[in-house]
Amino acid sequence: MKKTIETSHYINAPLSKVWENVKSGENWENWVVLIESSTMNGEGEGATRVCNTHENGVLHETITKIDEENKVFQYRIDKQEMVPASSVLGTLTFSEEGEGTRLEWIAELDLLDEEPFPQIKEMTSQMYAASAQQLETISA
86 MKKTIETSHY INAPLSKVWE NVKSGENWEN WVVLIESSTM NGEGEGATRV
136 CNTHENGVLH ETITKIDEEN KVFQYRIDKQ EMVPASSVLG TLTFSEEGEG
186 TRLEWIAELD LLDEEPFPQI KEMTSQMYAA SAQQLETISA
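Here it is in C-alpha coordinates:
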(Lines of atoms letter the chains of each structure in order from A; the text may use other names.)
(Lines give C-alpha, C1' and ligand atoms only; values in the text may rest on other atoms or scores of the structure.)
Protein backbone atom coordinates (compact mmCIF):
# COMPACT_ATOMS: atom_id res chain seq x y z
CA MET A 86 0.00 0.00 0.00
CA LYS A 87 1.25 3.47 -0.88
CA LYS A 88 2.19 5.68 2.06
CA THR A 89 3.53 9.23 2.13
CA ILE A 90 5.87 10.93 4.58
CA GLU A 91 5.90 14.72 4.28
CA THR A 92 8.38 16.94 6.10
CA SER A 93 9.18 20.64 6.03
CA HIS A 94 12.41 22.24 7.19
CA TYR A 95 13.75 25.77 7.43
CA ILE A 96 17.41 26.06 6.43
CA ASN A 97 19.15 29.24 7.54
CA ALA A 98 21.23 29.56 4.37
CA PRO A 99 20.62 31.12 0.94
CA LEU A 100 18.68 29.07 -1.59
CA SER A 101 21.51 29.34 -4.14
CA LYS A 102 24.04 27.76 -1.77
CA VAL A 103 21.65 25.06 -0.56
CA TRP A 104 20.67 24.11 -4.12
CA GLU A 105 24.33 23.97 -5.16
CA ASN A 106 24.93 21.23 -2.56
CA VAL A 107 21.96 19.17 -3.74
CA LYS A 108 21.41 19.51 -7.48
CA SER A 109 24.09 17.19 -8.87
CA GLY A 110 23.16 14.29 -6.58
CA GLU A 111 26.83 13.88 -5.72
CA ASN A 112 28.41 14.02 -2.27
CA TRP A 113 25.15 13.65 -0.41
CA GLU A 114 27.17 11.92 2.31
CA ASN A 115 28.26 15.47 3.23
CA TRP A 116 24.76 16.22 4.50
CA VAL A 117 22.43 13.19 4.46
CA VAL A 118 23.12 11.72 7.87
CA LEU A 119 22.19 8.17 6.84
CA ILE A 120 24.78 8.00 4.05
CA GLU A 121 28.41 7.13 4.71
CA SER A 122 29.54 7.15 1.06
CA SER A 123 28.06 7.30 -2.42
CA THR A 124 29.06 6.69 -6.01
CA MET A 125 27.41 8.35 -9.01
CA ASN A 126 27.18 6.76 -12.44
CA GLY A 127 26.33 9.36 -15.05
CA GLU A 128 25.07 12.90 -14.65
CA GLY A 129 21.67 14.56 -14.43
CA GLU A 130 18.34 12.85 -14.84
CA GLY A 131 18.74 9.13 -15.37
CA ALA A 132 22.04 8.95 -13.48
CA THR A 133 22.30 6.19 -10.91
CA ARG A 134 23.77 6.34 -7.47
CA VAL A 135 24.81 3.70 -4.96
CA CYS A 136 24.73 4.89 -1.35
CA ASN A 137 26.31 2.98 1.50
CA THR A 138 24.77 3.70 4.88
CA HIS A 139 26.40 3.87 8.30
CA GLU A 140 24.42 0.73 9.23
CA ASN A 141 25.94 -1.30 6.34
CA GLY A 142 22.85 -0.89 4.17
CA VAL A 143 23.03 -0.20 0.44
CA LEU A 144 20.64 1.99 -1.54
CA HIS A 145 20.54 1.71 -5.33
CA GLU A 146 18.97 4.89 -6.67
CA THR A 147 18.04 6.60 -9.92
CA ILE A 148 17.83 10.38 -10.24
CA THR A 149 14.46 10.98 -11.89
CA LYS A 150 14.19 14.77 -11.91
CA ILE A 151 16.42 17.82 -11.57
CA ASP A 152 14.37 20.96 -12.14
CA GLU A 153 16.79 23.88 -11.99
CA GLU A 154 14.09 26.53 -12.45
CA ASN A 155 11.75 25.27 -9.71
CA LYS A 156 14.53 23.81 -7.51
CA VAL A 157 13.12 20.29 -7.39
CA PHE A 158 15.29 17.18 -7.01
CA GLN A 159 13.72 13.74 -7.20
CA TYR A 160 15.21 10.28 -6.78
CA ARG A 161 13.87 6.74 -6.79
CA ILE A 162 15.30 4.04 -4.56
CA ASP A 163 15.30 1.03 -6.86
CA LYS A 164 16.74 -1.50 -4.43
CA GLN A 165 17.18 -1.48 -0.66
CA GLU A 166 16.69 -3.81 2.27
CA MET A 167 16.22 -1.31 5.09
CA VAL A 168 12.42 -0.97 5.04
CA PRO A 169 9.68 -3.32 3.77
CA ALA A 170 8.95 -1.30 0.63
CA SER A 171 9.04 -2.26 -3.03
CA SER A 172 9.84 1.28 -4.12
CA VAL A 173 10.57 4.66 -2.59
CA LEU A 174 10.33 7.99 -4.40
CA GLY A 175 11.93 11.00 -2.70
CA THR A 176 11.14 14.56 -3.76
CA LEU A 177 12.97 17.60 -2.41
CA THR A 178 11.50 21.00 -3.25
CA PHE A 179 13.40 24.15 -2.27
CA SER A 180 12.11 27.72 -2.10
CA GLU A 181 13.26 31.03 -0.68
CA GLU A 182 11.88 31.90 2.72
CA GLY A 183 13.07 35.23 4.04
CA GLU A 184 16.85 35.12 3.96
CA GLY A 185 16.86 31.34 4.14
CA THR A 186 15.46 28.31 2.38
CA ARG A 187 12.40 26.12 2.88
CA LEU A 188 12.86 22.43 2.12
CA GLU A 189 9.81 20.25 1.55
CA TRP A 190 11.02 16.62 1.54
CA ILE A 191 8.46 14.00 0.65
CA ALA A 192 8.88 10.24 0.51
CA GLU A 193 6.33 8.01 -1.22
CA LEU A 194 6.63 4.32 -0.32
CA ASP A 195 4.93 1.20 -1.63
CA LEU A 196 4.90 -0.74 1.63
CA LEU A 197 4.86 -4.51 1.66
CA ASP A 198 3.81 -4.49 5.33
CA GLU A 199 1.92 -1.56 6.88
CA GLU A 200 2.48 -2.51 10.51
CA PRO A 201 5.90 -0.82 10.90
CA PHE A 202 4.81 2.38 9.12
CA PRO A 203 4.58 4.54 12.29
CA GLN A 204 8.18 3.64 13.18
CA ILE A 205 9.37 4.11 9.58
CA LYS A 206 7.65 7.50 9.45
CA GLU A 207 9.22 8.63 12.73
CA MET A 208 12.73 7.46 11.80
CA THR A 209 12.50 8.98 8.31
CA SER A 210 11.24 12.31 9.66
CA GLN A 211 14.09 12.44 12.18
CA MET A 212 16.66 11.57 9.51
CA TYR A 213 15.30 14.25 7.15
CA ALA A 214 15.38 16.85 9.95
CA ALA A 215 18.97 16.00 10.91
CA SER A 216 19.98 16.06 7.23
CA ALA A 217 18.37 19.49 6.76
CA GLN A 218 20.41 20.75 9.73
CA GLN A 219 23.58 19.35 8.19
CA LEU A 220 22.67 20.90 4.82
CA GLU A 221 22.37 24.24 6.62
CA THR A 222 25.83 23.76 8.15
CA ILE A 223 27.56 23.11 4.82
CA SER A 224 25.58 25.81 2.98
CA ALA A 225 26.10 28.68 5.44
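Under our numbering, think of the first position of the sequence shown as 86, with each following residue one higher. C-beta atoms are modelled at their ideal positions from N, C-alpha and C, and glycine is treated no differently.
Span of the beta strand (DSSP E) around residue 165
Element bounds for residue 165: n/a, residue is neither H nor E.
Could you tell me if residue 156 is buried or exposed, where buried requires 16 or more neighbouring beta carbons within 10 angstroms of its beta carbon?
Residue environment analysis places residue 156 among the buried positions, since at least 16 neighbouring C-beta atoms fall within 10 angstroms of its C-beta.
Got a sec, what are the start and stop residues for the beta strand (DSSP E) residue 126 sits in?
Looking at the DSSP string, the run of the beta strand (DSSP E) that includes residue 126 is 120 to 126.
So, under 8 Å CB-CB, residue 96 and residue 220 are touching, yes? Tell me the CB distance rounded to an integer number of Å.
So it is a contact: roughly 6 Å between Cβ atoms.
For the beta strand (DSSP E) containing residue 106, name the first residue and the last one.
No beta strand (DSSP E) holds residue 106; the alpha helix (DSSP H) holding it covers 100 to 107.
Do you know offhand how far residue 182's Cα is from residue 148's?
Answer to the nearest angstrom: the Cα atoms are 26 Å apart.
Specify the secondary structure class of residue 132 as computed by DSSP and reduced to three states.
coil
Could you tell me the distance, in whole angstroms, from the CA atom of residue 115 to the CA atom of residue 223?
In this model, residue 115 and residue 223 are separated by some 8 Å (Cα to Cα).
Residue 181, DSSP secondary structure in three states
When secondary structure is reduced to three states using DSSP, residue 181 falls in the strand class.
Per DSSP, what kind of secondary structure is residue 87 in: helix, strand or coil?
strand
When 153, 164, 112 and 173 are compared against residue 179, the one with the closest alpha-carbon
For residue 179, the nearest C-alpha among the options comes from 153.
Looking only at its own chain, which residues have a Cβ that is under 6 Å from the Cβ of residue 124, when we skip the five neighbours before and after it?
Excluding residues within five positions, the ones whose Cβ falls inside 6 Å are 135.
Does the beta-carbon distance from residue 173 to residue 205 come in below 7 Å?
no
Three-state secondary structure (DSSP) of residue 194:
strand
For residue 112, three-class secondary structure by DSSP
coil
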